[in-house]
Amino acid sequence: MRNVGTARAAASVVLVGLDADAMGMVRETLAAEAVLPNSSISFGDAISAVKRQRPDVVIVGFHQAMDAALALAQALVKESPNVTMVAMADQSNAEAILAAMRVGYKEFVVLPDDASRLRQVVHDAAYAPDDDDEKGLVVSVIGSKGGIGTTLICSHLAAEMAAIHRVILLDLDFAMGDAASMMDVVPKDTLHDLLPRADRVDERMLTGSVAVHRSKVHVLAQPNDVDKVEESNPDDIYMVINASAKGYQYVLMDIGSYVDAGAEMALSVSDIIILVTAPDVIAVRNAFRRLKLMERLGIEKERIRLVVNRQSKTSFVPLADIQSNLGMKIAATIVDDPKTVDTAINEGKLIRDINRKSEVAENISSLVAMLTSDFDGEDDEAPKEEPAGGFFSTLFGRG
Ligand SMILES: Nc1ncnc2c1ncn2[C@@H]1O[C@H](COP(=O)(O)OP(=O)(O)OP(=O)(O)O)[C@@H](O)[C@H]1O
Ligand SMILES: [Mg+2]
Numbered sequence: 219m220r221n222v223g224t225a226r227a228a229a230s231v232v233l234v235g236l237d238a239d240a241m242g243m244v245r246e247t248l249a250a251e252a253v254l255p256n257s258s259i260s261f262g263d264a265i266s267a268v269k270r271q272r273p274d275v276v277i278v279g280f281h282q283a284m285d286a287a288l289a290l291a292q293a294l295v296k297e298s299p300n301v302t303m304v305a306m307a308d309q310s311n312a313e314a315i316l317a318a319m320r321v322g323y324k325e326f327v328v329l330p331d332d333a334s335r336l337r338q339v340v341h342d343a344a345y346a347p348d349d350d351d352e353k354g355l356v357v358s359v360i361g362s363k364g365g366i367g368t369t370l371i372c373s374h375l376a377a378e379m380a381a382i383h384r385v386i387l388l389d390l391d392f393a394m395g396d397a398a399s400m401m402d403v404v405p406k407d408t409l410h411d412l413l414p415r416a417d418r419v420d421e422r423m424l425t426g427s428v429a430v431h432r433s434k435v436h437v438l439a440q441p442n443d444v445d446k447v448e449e450s451n452p453d454d455i456y457m458v459i460n461a462s463a464k465g466y467q468y469v470l471m472d473i474g475s476y477v478d479a480g481a482e483m484a485l486s487v488s489d490i491i492i493l494v495t496a497p498d499v500i501a502v503r504n505a506f507r508r509l510k511l512m513e514r515l516g517i518e519k520e521r522i523r524l525v526v527n528r529q530s531k532t533s534f535v536p537l538a539d540i541q542s543n544l545g546m547k548i549a550a551t552i553v554d555d556p557k558t559v560d561t562a563i564n565e566g567k568l569i570r571d572i573n574r575k576s577e578v579a580e581n582i583s584s585l586v587a588m589l590t591s592d593f594d595g596e597d598d599e600a601p602k603e604e605p606a607g608g609f610f611s612t613l614f615g616r617g
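For the sequence shown, the working numbering assigns the number 219 to the initial residue and increments by one for each residue that follows.
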């Protein structure tokens with residue numbers, strides 16, 4: 219999962235050994251940045267409080283009780299290595315700064331002079347990639363237009379991965395979300411139920427809310443009554459994705475084809491984004507627009523995998539033209555096979571359950587490689603700038 223620098227929950231802070239004046243200055247400095255306790259606790263209570271509250275930051279009164287402050291830091295480095303420690307003093311002193319740094323204080327601040335530095339370190343602590351290595355791979359599937367196969371691809375890819383991994387599918391398509399019906403599961407709690415509690419969502423709450431598909435995919439669905447859902451809040455979406463990435467090895471997200479602020483957040487934190495298009499002019503033109511949008515969001519091309527769905531011999535647009543006009547290699551294609559696909563959807567089954575040997579089933583199972591192997595999406599032969607004289611040049615360029 220990618221880190222993003224956008225607003226999330228405020229940092230939580232524990233204050234130790236600060237007098238009333240110091241408390242007042244901290245409050246003034248961090249009002250917008252952090253959730254502050256009403257009082258400062260004693261050195262004796264500090265370790266148990268930090269263990270209990272798991273704050274992002276501990277601010278310690280340094281000058282009045284230097285020895286206690288040094289001893290506390292040494293203990294916290296061992297007990298709570300992820301917490302950011304800040305020493306606060308009433309004057310700057312080279313020796314004290316050095317002593318503080320040696321035992322693990324990240325910053326030594328004197329207020330109000332160092333107010334902006336304190337704000338920065340507290341802000342950064344809230345975004346610290348605490349346990350990033352342990353987080354699962356976050357994958358978005360986004361359609362270049364509606365009805366193009368986004369949900370089909372997302373749910374089948376989830377089912378493929380679930381054979382050997384813990385997989386959750388988040389239906390983030392707030393407009394048309396139908397992953398539950400595609401997977402033929404009955405949603406328990408929906409995303410709509412979880413988002414208002416997003417700041418408290420953890421692994422247990424997720425496993426209590428998902429519907430479990432036969433393939434072992436855990437599905438967090440949209441409510442049937444989609445009218446109820448308002449525009450999604452990116453902070454809430456972030457927290458649900460973050461909790462999912464902590465609890466599952468793969469987080470697959472059906473973004474749909476409409477990009478709101480929540481979808482932008484989901485795309486931004488994704489390790490891999492599968493952009494689904496089709497070999498027709500509108501779908502390719504819209505894929506171009508999506509690529510432009512992702513470029514604006516700062517998403518590198520290396521994260522994007524272009525998939526062409528419903529490919530056939532009679533496709534209107536040749537694959538080579540799609541690649542050259544989008545300036546991107548096609549990572550995978552899926553053949554157009556209405557008979558097999560519609561039978562699967564109507565019977566609430568996976569395509570492989572209808573006909574494992576079919577080309578469409580094989581195409582889908584080879585999508586797994588996009589998530590497990592490195593892929594270079596750059597099309598070396600394609601124009602790097604906007605297409606100049608290509609087949610679609612009149613359609614593009616103003617995306
Ligand atoms: N490879 C394929 N071959 C044949 N038909 C397909 C294929 N992929 C998708 N379809 C058809 O397209 C329909 C829409 O698929 P799907 O629901 O996955 O699209 P979507 O992009 O999620 O749509 P929506 O915009 O409604 O969310 C399917 O019901 C199926 O009939
Ligand atoms: Mg869909």
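Yeah, the Cβ is synthetic: ideal placement off N, Cα and C, and Gly gets one too.
DSSP places D554 outside any beta strand (DSSP E), giving it a letter other than H or E. Going by beta carbons, L329 and V304 fall outside the 8 Å limit. A distance criterion of 7 Å places the beta-carbon of R528 in contact range of ligand 1, judged by its closest non-hydrogen atom. Of the heavy atoms belonging to ligand 2, none sits nearer than 7 Å to the Cβ of M512. Distance from the C-beta of G474 to the nearest heavy atom of ligand 2 is below 7 Å. A252 sits away from F280, with the two beta carbons spaced by 8 Å or more.
For L233, the closest of M219, A287 and A250 by C-alpha to C-alpha distance is A287. In this structure, the beta-carbon distance from M219 to K353 falls below 8 Å. Comparing alpha carbon positions, the residue from K567, A381 and N581 closest to Y468 is A381. In this structure, the beta-carbon distance from S373 to A397 falls below 8 Å. At least one heavy atom of ligand 1 lies less than 7 Å from the C-beta of I563. DSSP, read as helix, strand or coil, puts R528 in strand. Unbroken alpha helix (DSSP H) stretches of 4 residues or longer found wholly inside the stretch 375–423: 397–401 and 409–412, given in chain order.
Taking the CA atoms as reference points, L544 sits about 10 Å from N504. Distances between the C-beta of M471 and the heavy atoms of ligand 2 are all 7 Å or more. Collapsing the DSSP output to three states places A587 in a helix. As the crow flies, the alpha-carbon of A376 is around 17 Å from that of A484. Note on geometry: alpha-carbon atoms of S530 and T495 lie some 13 Å from one another. For H341, the three-state secondary structure derived from DSSP is helix. Residue pairing by DSSP puts S230 in a beta bridge opposite V253.
A straight-line Cα-Cα distance of about 6 Å links I522 and I490. Around the CB of G566, fewer than 16 other CB atoms lie within 10 Å, so the residue is classed as exposed. D396 has its Cβ nearer than 7 Å to a heavy atom of ligand 2.
DSSP places L493 within a strand segment (E or B) once states are collapsed to three. Secondary structure of L438 (DSSP, three-state): strand. For V321, the enclosing alpha helix (DSSP H) begins and ends at A312 to V321. Of all C-beta pairs linking the stretch 416–436 to the stretch 451–465, three or more are shorter than 8 Å, placing the two stretches in contact. The Cβ neighbour count for F506, taken over all protein chains shown within 10 Å, is at least 16; the residue is labelled buried. The straight-line gap separating the alpha-carbon atoms of S358 and K324 is approximately 36 Å. At least one heavy atom of ligand 2 falls within 7 Å of the beta-carbon of D391. Annotation for L515: no beta strand (DSSP E) segment contains it, and DSSP assigns it neither H nor E.
For M400 against I563, the beta-carbon gap comes to about 7 Å, under 8 Å, which counts as contact. For D472, the pairing in a beta bridge is given by DSSP as V359 and D389. Taking 8 Å as the upper bound for CB-CB distance, L470 and L387 are in contact here, some 5 Å apart. Taking 7 Å as the cut-off, the C-beta of T369 counts as close to a heavy atom of ligand 1.
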